[in-house]
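Remarks on the structure that follows.
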Amino acid sequence: MALVIEGEERIAAPIEKVWEALNDPEILKVAIPGCQHLEKNSDTGMAATVVLKIGPIKATFNGEVTLKNLKPPHSYTIQGEGKGGVAGFAKGGADVTLTADGADSTMLKYAAKAEVGGKIAQLGSRLIESTSKKLAGQFFSTFGEKVGA
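Here it is as structure tokens:
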């Protein structure tokens, strides 16, 4: 099952600061809902452990996050894939674009695609879509608060 989520967030920080934060594992770890562990293992790769609850299923996903198509400080693609044992798998990515909005503000836009399989996919598209949108919203609002602080 695949879905697309789009959105935008205004962040009260200059574009260079937002770009740095998008590449900082410590900030990403705090912003990713359920993230237990996020460690940089190369310039463009990170290992992650995330615990998610979707409907009645709670699963721990272990996976990799990769940054591609880097065009500092304006855009990149972030891709990830995680396996949650019997719960199934999740993989997806997001194209993230930054636009300066004055000297001290940045507009972050994202278009994310996600795909799930296994037990999680059996929960139904409405539940998965609403949960995915909620998680994306939580990530970008927390990220905006941390960077704009």
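In terms of the working numbering, the sequence shown opens at residue 579 and continues consecutively.
Each residue gets a CB set at the ideal place from its N, CA and C atoms; glycine is no exception.
For serine 708, the closest of Gly662, Ala692 and Phe667 by C-alpha to C-alpha distance is Ala692. In summary, glycine 633 is exposed, with fewer than 16 beta-carbon neighbours lying within 10 Å of its beta-carbon over all protein chains present. Residue Ile605 holds the alpha-carbon nearest to the alpha-carbon of lysine 618 among Ile605, Leu630, Gly612 and Gly666. If you draw a straight line from the Cα of alanine 681 to the Cα of proline 592, it is about 6 Å long. Counted as a single uninterrupted DSSP element, the beta strand (DSSP E) harbouring serine 653 occupies residues 653-661. Residue range 603-609 is occupied by the alpha helix (DSSP H) that includes isoleucine 605. Rounded to whole angstroms, the gap between the alpha carbons of threonine 675 and lysine 724 is 18 Å.
Residue environment analysis places glutamate 587 among the buried positions, since at least 16 neighbouring C-beta atoms fall within 10 angstroms of its C-beta. Residue environment analysis places serine 710 among the buried positions, since at least 16 neighbouring C-beta atoms fall within 10 angstroms of its C-beta. Boundaries of the beta strand (DSSP E) harbouring lysine 636: 635-649, taken from the DSSP string. The beta carbons of alanine 689 and valine 582 sit about 7 Å from each other, so the pair counts as a contact at 8 Å. Distance between proline 650 and tryptophan 597, taken at the CA atoms: about 7 Å.
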